[in-house]
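Residue numbers (my numbering): 251 to 356. Down below is the structure, laid out as structure tokens.
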């Protein structure tokens, strides 16, 4: 059984889609990024799924129920990811402005 975003307990406070912009191919592994651990004064490589998350970060408990924002946030991130990937391909902001005007007209 695969976990849905609402089932996920390790919830990212920096979305993986943003971290993906800083990744590079790993040696036969998932894309990785460099991490600096200031507490241990060391640098290491890992994939975005392993960092910048906290257990139940986007889950809120009340006496009546538990509310998890992860599913809704995931939908926003899924919609925004292709736009962010496209922005990374642009070399100047003038090109960005043209794309935004075209999107607003449709």
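By construction, the Cβ of each residue, glycine as well, lies at the ideal position given by its N, Cα and C atoms.
Any idea if residue i is buried or exposed, counting beta-carbon neighbours within 10 angstroms, 16 or more meaning buried?
| i | result |
| --- | --- |
| residue 304 | exposed |
| residue 336 | exposed |
| residue 300 | exposed |
| residue 262 | buried |
| residue 356 | Note that residue 356 scores 42 on pLDDT, short of 50, meaning its location in the model is unreliable; the coordinates nonetheless yield the value given after this. By the 10 Å Cβ count, residue 356 comes out exposed. |
Do you know offhand how far residue i's Cα is from residue j's?
| i | j | result |
| --- | --- | --- |
| residue 306 | residue 276 | 28 Å |
| residue 324 | residue 291 | 33 Å |
| residue 251 | residue 320 | No answer about residue 251 holds up, because its pLDDT of 44 lies below 50 and its placement is not dependable. |
| residue 310 | residue 327 | 20 Å |
| residue 317 | residue 281 | 32 Å |
| residue 272 | residue 259 | 24 Å |
Kindly examine the ligand SAH and report whether one of its heavy atoms sits closer than 7 Å to the Cβ of residue i.
| i | result |
| --- | --- |
| residue 287 | Within the structure as shown, the ligand SAH is missing, as the structure has no ligands at all. |
If you follow the beta strand (DSSP E) that residue i is part of, which residue opens it and which one closes it?
| i | result |
| --- | --- |
| residue 260 | 260-262 |
| residue 339 | Run containing residue 339: none in the beta strand (DSSP E); it sits in the alpha helix (DSSP H), 320-339. |
| residue 283 | 283-287 |
| residue 272 | Here residue 272 belongs to no beta strand (DSSP E), and DSSP marks it neither H nor E. |
| residue 280 | Segment: none, residue 280 is in no beta strand (DSSP E) and carries neither H nor E. |
| residue 311 | 309-311 |
Name the two residues that bound the continuous alpha helix (DSSP H) containing residue i.
| i | result |
| --- | --- |
| residue 268 | 266-269 |
Count Cβ pairs between the stretch 285-293 and the stretch 328-343 that sit closer than 8 Å; are there 3 or more? no
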